[in-house]
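Shown next, in structure tokens, is the structure this report addresses.
Numbering (the numbering used here), first residue to last: 875 to 1028.
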């Protein structure tokens, strides 16, 4: 009881028990409750007694609706995974075909007559250097060999 003999209200007891000696709130939640008041069930804070959460936020889906939404999302993700797997198989098939083409091209190049292919395969790049540049700097572009090494191999 207070000094006047009156019983303090719940709000007064809350204010007394949730303030420090310097009359500051104990924490932010206490300050919020002191200013806005306690939440009332079924109403939206700062809108007064008028609108309910349904009026502001719309209807909440039921458990069955949540299950239906979950099944739809699982089905769509399964379809996307299946489509990606098909694309991946197609890409693997394309890669295998390209590898076979490369093998056949490599075999065809190895079976070419050596007279024409050596001339195209071993390019002398002395034109890129000044005329007084040393012979050791002349390099075969594909095999990184000097022309002397190419001649020695035959």
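Glycine is no exception: its CB is placed at the ideal position from the N, C-alpha and C atoms.
Starting from residue i, follow the alpha helix (DSSP H) in both directions and report where the run begins and ends.
i           : result
residue 968 : 937–984
residue 893 : Segment: none, residue 893 is in no alpha helix (DSSP H) and carries neither H nor E.
residue 929 : 927–931
Kindly give me the distance between the Cβ atoms of residue i and residue j, rounded to whole angstroms, as I take these residues to be in contact under 8 Å.
i           : j           : result
residue 892 : residue 882 : Contact flag wrong, Cβ pair sits at about 14 Å.
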